[in-house]
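Peer 1: Be aware that the sequence shown starts at 51, since it is given in my numbering, and climbs by one per residue.
Every residue gets a Cβ at the ideal spot worked out from N, C-alpha and C, and that includes glycine.
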Amino acid sequence: SSTKAGKWEKSRFLGVEVRNKVLGIIGLGKVGTEVARRAQGLEMLVIAFDPYVAPEQARKLGVTMLSFEEVLKQADFVTLHTSLTSGPNGTKGLISTQELLLLKPAARLINCARGGLIDEEALLNALNENRLAGVALDVFSQEPVRDSTVLKQLLAHERVIATPHLGASTEEAQIGVATDVAEQIISVLRGNFPRSAVNAPLILPETLQVLQPYMRLVEQMGHLYTQLQPGPLNKIEFSCSGDIANYDLRPLQAALIKGLLESISDAHVNMINAPSLAKQWGLEIIEQKSNIPAEFANLITLRVVNANGYPSSFAGKPGSGDEHVEALSGTVMHGEPRIVRVGRYWAEFVPEGYILFCRNLDKPGMIGRVGTVLGKAGVNIRHMDVGPIVRTPHQRDPQQPPDTALMIVSVDDPIPEWALQEIGAAGDIFGLTVVKL
Numbered sequence: 051s052s053t054k055a056g057k058w059e060k061s062r063f064l065g066v067e068v069r070n071k072v073l074g075i076i077g078l079g080k081v082g083t084e085v086a087r088r089a090q091g092l093e094m095l096v097i098a099f100d101p102y103v104a105p106e107q108a109r110k111l112g113v114t115m116l117s118f119e120e121v122l123k124q125a126d127f128v129t130l131h132t133s134l135t136s137g138p139n140g141t142k143g144l145i146s147t148q149e150l151l152l153l154k155p156a157a158r159l160i161n162c163a164r165g166g167l168i169d170e171e172a173l174l175n176a177l178n179e180n181r182l183a184g185v186a187l188d189v190f191s192q193e194p195v196r197d198s199t200v201l202k203q204l205l206a207h208e209r210v211i212a213t214p215h216l217g218a219s220t221e222e223a224q225i226g227v228a229t230d231v232a233e234q235i236i237s238v239l240r241g242n243f244p245r246s247a248v249n250a251p252l253i254l255p256e257t258l259q260v261l262q263p264y265m266r267l268v269e270q271m272g273h274l275y276t277q278l279q280p281g282p283l284n285k286i287e288f289s290c291s292g293d294i295a296n297y298d299l300r301p302l303q304a305a306l307i308k309g310l311l312e313s314i315s316d317a318h319v320n321m322i323n324a325p326s327l328a329k330q331w332g333l334e335i336i337e338q339k340s341n342i343p344a345e346f347a348n349l350i351t352l353r354v355v356n357a358n359g360y361p362s363s364f365a366g367k368p369g370s371g372d373e374h375v376e377a378l379s380g381t382v383m384h385g386e387p388r389i390v391r392v393g394r395y396w397a398e399f400v401p402e403g404y405i406l407f408c409r410n411l412d413k414p415g416m417i418g419r420v421g422t423v424l425g426k427a428g429v430n431i432r433h434m435d436v437g438p439i440v441r442t443p444h445q446r447d448p449q450q451p452p453d454t455a456l457m458i459v460s461v462d463d464p465i466p467e468w469a470l471q472e473i474g475a476a477g478d479i480f481g482l483t484v485v486k487l
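#1: Report, in whole angstroms, the separation of the C-beta atoms of Ile405 and Ser460, which I expect to be a contact under 8 Å.
#2: In its own chain, which residues sit with a C-beta less than 6 Å from the C-beta of Thr147, not counting the 5 before and 5 after it?
#3: What did DSSP end up calling Gln445 once you bin it into helix, strand or coil?
#4: What is the rounded straight-line gap between the Cα of Pro343 and the Cα of Leu150?
#5: Please report how far the alpha carbon of Phe407 lies from the alpha carbon of Ile417, in whole angstroms.
#6: By the 10 Å Cβ neighbour count, where 16 or more other Cβ atoms means buried, how is Pro214 classified, buried or exposed?
#7: On the criterion of 16 or more Cβ atoms from any shown chain inside 10 Å, does His318 qualify as buried, or is it exposed?
#8: In the DSSP assignment, what residue or residues form a beta bridge with Ala186?
#9: Can you tell me where the alpha helix (DSSP H) with Val103 in it begins and where it stops?
#10: With burial defined as no fewer than 16 other Cβ atoms inside 10 Å of the residue's Cβ, what is the status of His131: buried or exposed?
#11: Alpha carbon to alpha carbon, how far is Leu306 from Gln270? Give it in angstroms, no decimals.
#12: Just to confirm the assignment: which complete alpha helix (DSSP H) runs, minimum length 4, are found wholly within the segment 64-91?
#13: Expressed to the nearest angstrom, what Euclidean distance is found between the alpha-carbon atoms of Pro464 and Arg409?
#14: I'd like to confirm the pairing. Which residues does DSSP put opposite Pro325 in its beta bridges?
#15: CA-CA distance, Ser136 and Phe288?
#16: Which same chain residues end up closer than 8 Å to Pro105 when comparing Cβ atoms and leaving out the 5 residues on each side of it in sequence?
#17: In its own chain, which residues sit with a C-beta less than 6 Å from the C-beta of Leu78, not counting the 5 before and 5 after it?
#18: Is Ser379 closer than 9 Å to Leu352 when the C-beta atoms are compared?
#19: Within 10 angstroms of its Cβ, does Leu177 collect 16 or more other Cβ (buried), or is it exposed?
#20: Should the segment 67-84 be regarded as contacting the segment 220-229, the criterion being three or more beta carbon pairs within less than 8 Å?
#21: Bridge partners of Asn348, per DSSP?
#22: Could you spell out the range, first to last residue, of the beta strand (DSSP E) harbouring Trp396?
#23: At which residues does the alpha helix (DSSP H) containing Pro464 begin and terminate?
#24: DSSP on Glu373, reduced to helix/strand/coil?
#25: Does the beta carbon of Ala228 come closer than 9 Å to any beta carbon on chain B?
#26: Does the structure place the segment 224-241 close enough to the segment 199-214 that three or more beta carbon pairs sit under 8 Å?
#27: Give the DSSP bridge partners of His433, in chain order.
#28: If you reduce the DSSP assignment to three classes, tell me which class Tyr297 lands in.
#29: Smallest Cα separation from Leu85: which of Ser61, Thr53, Val128?
#30: Can you check which of these residues, Gly481, Gly292, Gly143, Leu310, is closest to Gly166 by C-alpha distance?
#31: Measuring straight from C-alpha to C-alpha, what distance separates Ile473 and Leu310?
#32: Enumerate in chain order the residues of its own chain whose CB-to-CB distance from Asp298 is below 8 Å, with the five nearest sequence positions on each side excluded.
#33: Pick out whichever of Pro155, Lys329, Ile168, Pro325 has its Cα sitting closest to the Cα of Gly140.
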């Protein structure tokens, strides 16, 4: 307005560089995260306060997490990106007289989040007393500003830049928001994990990209487990080894619960309500992590914990009464989920479609027998794998009877009942199970 009025006041508009300045972000959610990334592109040092952000997430962002007071003390620019809540621990009046006293006299305060986060009267006093270099406001406690003397004085202050709650008021942003909402609604209706749920853990896009194949893996492991071992679910040990253990595993736990309960629960199970449904079912997930890789670079293993033992044809030794019953292990290869162990047997197969599990004597001719019957039934075999018992080489005694093996046959169509009966009729086949994933 000065230049438009014909004035040329260069000295009045002397600015400051943001390069090498400290940006303090209050609230490192989705918006705060994007602000941090852009600020780093401007070579700013970013510090933040957010009690809900995991240290690993902040580390990946390159953001130093500090206490609320330390952020205010150290920052050259403070920007607010938190919701407005009331109550004793609410955020209403988050920045008031005491907080403003912590800021450097040369600091600048930005609020594009919610009106009411700043005590506007205290802010006006700080400006009038030259305890603050400048303020940028897009939101106010009263919108539009009408009868508030304090707000009118703030808007008129020479060190205040104000806009009328523009928020995301660009053509591109409006189209982007509409598209994003539609895509997430479709995703949730399909039972998947939303990108921006207010009642779910925040997942950064790059983190989600890493976790998604493992989320698919553990969901299928849950489906597979409940079909291989029908019965009560009490406790599940959920073990992750390798680099995947460095991430927040709550999304994987939600995917696992979804897989475990989806086929046995009357309720619609999705990634959001899975944890609460697990509580209703009395299902406890015990998380274990190890940064040391096991047999694979990343390995996820499910074990059922049952104090009374849980005998099964596929997990553990039948009738052993072992407290820990090993069920399934899986990994991701080339972006694709793979099951690599089923109970006492090594395996390698993609958990999808119709799969026949056949526990049989480990001897020649077994594959041909099963394949012949399936061919007679017109069932196409897509993949076949034979898993031996997990053991070290010196444990095998050639003088002992042959071990059992687990034949895993992925097929394109359902297997007729008569074909299953014919396969199972042989005395050296001890168990047949068909699952649909």
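Peer 2: Well, looking at it:
#1: Between Ile405 and Ser460 the beta-carbon gap is near 5 Å, inside 8 Å, which marks them as a contact.
#2: These residues qualify, in order along the chain: Ala172.
#3: At Gln445, the pLDDT of 49 sits below 50, so the modelled position is not reliable and the matter cannot be decided from this model.
#4: If you take the alpha carbons of Pro343 and Leu150, they lie about 49 Å apart.
#5: Distance between the alpha carbons of Phe407 and Ile417 is about 12 Å.
#6: With fewer than 16 Cβ atoms within 10 Å of its Cβ, Pro214 is classed as exposed.
#7: With a threshold of 16 other beta carbon atoms within 10 Å, His318 falls short and is exposed.
#8: Partner(s): Ile160, Ile211.
#9: No alpha helix (DSSP H) holds Val103; DSSP gives it neither H nor E.
#10: Under the 10 Å beta carbon count, His131 is surrounded by 16 or more other beta carbons and is classified as buried.
#11: Here the alpha carbon of Gln270 sits roughly 8 Å from the alpha carbon of Leu306.
#12: Counting only runs of 4 or more, we get 80-91.
#13: Straight-line spacing of the CA atoms in Pro464 and Arg409 works out to 19 Å.
#14: Paired residues: none, contrary to the question.
#15: For Ser136 and Phe288, the distance between alpha carbons rounds to 38 Å.
#16: Cβ within range, chain order: Met115.
#17: Answer for Leu78: Ala98, Asp100, Val103, listed in chain order.
#18: Between Leu352 and Ser379, the C-beta gap is smaller than 9 Å, which places the two residues in contact.
#19: With 16 or more other Cβ atoms within 10 Å, it is buried.
#20: No, because fewer than three Cβ pairs between the segment 67-84 and the segment 220-229 fall closer than 8 Å, the two stretches do not touch.
#21: Answer is Gly292, bridged to Asn348.
#22: Where Trp396 is concerned, the enclosing beta strand (DSSP E) starts and stops at 395-399.
#23: Run containing Pro464: none; DSSP gives neither H nor E here.
#24: Residue confidence for Glu373 is low, a pLDDT of 34 falling below 50, so the modelled location carries little weight and cannot support an answer.
#25: Annotation note: the requested chain B is absent from the structure, which comprises a single protein chain.
#26: At 8 Å Cβ cutoff, the stretches do not touch.
#27: Paired residues: Ser460.
#28: Tyr297 carries a coil assignment under DSSP once its states are collapsed to helix, strand and coil.
#29: Before going further, note that residue 85 is Val rather than Leu in the sequence given. The residue with the shortest Cα to Cα distance from Val85 is Val128.
#30: Nearest to Gly166 by alpha-carbon distance, out of Gly481, Gly292, Gly143, Leu310, is Gly143.
#31: Roughly 29 Å separates the two Cα atoms.
#32: For Asp298, where only same-chain residues beyond five positions count, the Cβ hits under 8 Å are Ala104, Glu106, Gln107, Pro251, Ile253, Thr257.
#33: Taking each of Pro155, Lys329, Ile168, Pro325 in turn and checking the Cα distance to Gly140, the smallest one comes out for Ile168.
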